[in-house]
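Trainee: One structure, pasted below without further comment.
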Amino acid sequence: GSKQPAITKFFSKL
Amino acid sequence: MLELRLLQGSLLKKVLESIKDLVTEANFDCSATGFSLQAMDSSHVALVALLLRSEGFEHFRCDRNISMGMKLVNMAMMLKCAGNDDIITIKADDGGDTVTFMFESPNQDKIADFEMKLMNIDSEHLGIPEAEYQAIVRMPSSEFARICKDLSTIGDTVIISVTKEGVKFSTKGDIGTANIVCRQNATVDKPEDAIIIEMKEPVSLTFALRYMNSFTKATPLANIVTISLSSELPVVVEYKIAEMGYIRFYLAPKIEE
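Line order of the protein sequences matches chains W and Z.
So the mapping is simple: my numbering equals the position in the first sequence, first residue as 1, plus 963.
So the mapping is simple: my numbering equals the position in the second sequence, first residue as 1, plus 1394.
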């Protein structure tokens, strides 16, 4: 199976 | 005080139609730069970034930076009441809890005011760093929409692979598999029909078609879509909004467990 990572894993909070 | 007059009101209608199913509610930010939005879908998998630059408005008054929380289906409902040729003006008072959309028919014989309640939305703003992409594909937006729609009848995910041969979109499902290869064709009569591939190195990534199909709702905004790919980075699907700015969708690639 494959997993869908959240977009928040790639971009940091400002 | 905020007053933004957009001669081509249909652009705003199309923007809302393209994001209202992906994002439920969002803060629209207004500053000297322009009218912008950054929002994630409810599952925090996809991110949309919109910019309509101030220069693109016929009149742009924004006395102080303002953030207006709106429910997008409601905003889309109101904007649907504007004619396609209407001029749309967005008006708000500093510290007010409403926004007004004014629609003027092209010959000024009909003027409508729609006032919408604003809402407080806690949204986290993410920093999107500039990135180098392994491959950038420019293609007709209608072609990309067609491919995503066709593949989603077969499977749930699309593998986008860029090699020097071209860009390949593949899927598989219970009934079988599908592969669509588009070759670079820069020598077409009309530039908007061209497929241009800038490849630094080959790349192959898997994405959920459900999100890709949602992004293609922005197709009426631009003839060309730009897809920027790099392993370990979210794909960027960008539609340029004529003379004004862009709408960009970000989606992380799926990873094998």
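Backbone N, C-alpha and C fix where the C-beta goes; we use that ideal spot for every residue, glycine too.
Every value quoted in this text rests on a predicted model; they were computed, and no experiment measured them.
For E1449(Z), is the classification buried or exposed, using 16 other Cβ atoms within 10 angstroms of its Cβ as the cut-off for buried?
Mentor: exposed
Trainee: Is any beta-carbon of chain W found at less than 8 Å from that of M1593(Z)?
Mentor: The beta carbon of M1593(Z) does not come within 8 Å of any beta carbon belonging to chain W, so the residue lies off that interface.
Trainee: Got a sec? Which residues, its chain only, sit under 7 Å from E1507(Z) by beta carbon, not counting five neighbours each side?
Mentor: For the sequence presented, residue 1507(Z) should be read as Asp rather than Glu. If we look at D1507(Z) and ignore the five residues flanking it on each side, its Cβ neighbours are T1494, M1496.
Trainee: P1534(Z) by DSSP, collapsed to three states: which one?
Mentor: strand
Trainee: I need the DSSP call for K1504(Z), collapsed to helix, strand or coil.
Mentor: coil
Trainee: Is there a Cβ of chain W sitting closer than 8 Å to that of T1600(Z), yes or no?
Mentor: yes
Trainee: Restricting to Cα atoms, I'd like to know which of M1464(Z), T1557(Z), S1608(Z) is closest to L1416(Z).
Mentor: S1608(Z)
Trainee: In chain order, which continuous runs of the beta strand (DSSP E) of length 3 or greater are located wholly inside the region 1462–1520 of chain Z?
Mentor: 1481–1486, 1492–1498, 1505–1511
Trainee: Assuming S965(W) contacts T1571(Z) (C-beta within less than 8 Å), just tell me the rounded distance between them.
Mentor: That belief does not hold up - the Cβ atoms of S965(W) and T1571(Z) are roughly 16 Å apart, past 8 Å.
Trainee: Under a three-way DSSP split, which group does D1587(Z) fall into?
Mentor: Secondary structure of D1587(Z) (DSSP, three-state): helix.
Trainee: What's the C-alpha gap between M1472(Z) and K1634(Z)?
Mentor: Spanning the alpha carbons of M1472(Z) and K1634(Z) requires a straight line of approximately 24 Å.
Trainee: On a Cα-Cα basis, can you pick out the residue from K1408(Z), G1463(Z), G1403(Z) that is closest to P1614(Z)?
Mentor: K1408(Z)
Trainee: T1418(Z): buried (16+ other C-beta within 10 angstroms of its C-beta) or exposed?
Mentor: exposed
Trainee: So, do the region 1421–1437 of chain Z and the region 1449–1464 of chain Z have three or more beta carbon pairs nearer to each other than 8 Å?
Mentor: Touching, per the Cβ criterion.
Trainee: Within 8 Å of any Cβ in chain W, is that where the Cβ of E1526(Z) sits?
Mentor: No, no contact with chain W.
Trainee: Could you check what DSSP says for R1455(Z) in three-state terms: helix, strand or coil?
Mentor: Looking at R1455(Z) - three-state DSSP - the assignment turns out to be strand.
Trainee: If I follow the unbroken alpha helix (DSSP H) through Y1605(Z), where does it start and stop?
Mentor: 1603–1609
Trainee: Should L1446(Z) be labelled buried (16 or more other beta-carbon atoms within 10 Å of its own) or exposed?
Mentor: buried
Trainee: Could one say the Cβ of I1649(Z) lies closer than 8 Å to chain W's Cβ atoms, at least one of them?
Mentor: Against chain W, the CB of I1649(Z) has a partner CB under 8 Å away; the residue lies at that interface.
Trainee: Note the first and the last residue of the continuous alpha helix (DSSP H) segment covering I1548(Z).
Mentor: Where I1548(Z) is concerned, there is no enclosing alpha helix (DSSP H), given that its DSSP letter is neither H nor E.
Trainee: For I1553(Z), would you say it is in contact with chain W, using Cβ-to-Cβ distances shorter than 8 Å as the test?
Mentor: no
Trainee: Does DSSP put L1623(Z) in a helix, a strand or coil?
Mentor: strand
Trainee: State the Cα-Cα distance for the pair N1579(Z) and D1516(Z), rounded to the nearest angstrom.
Mentor: 45 Å
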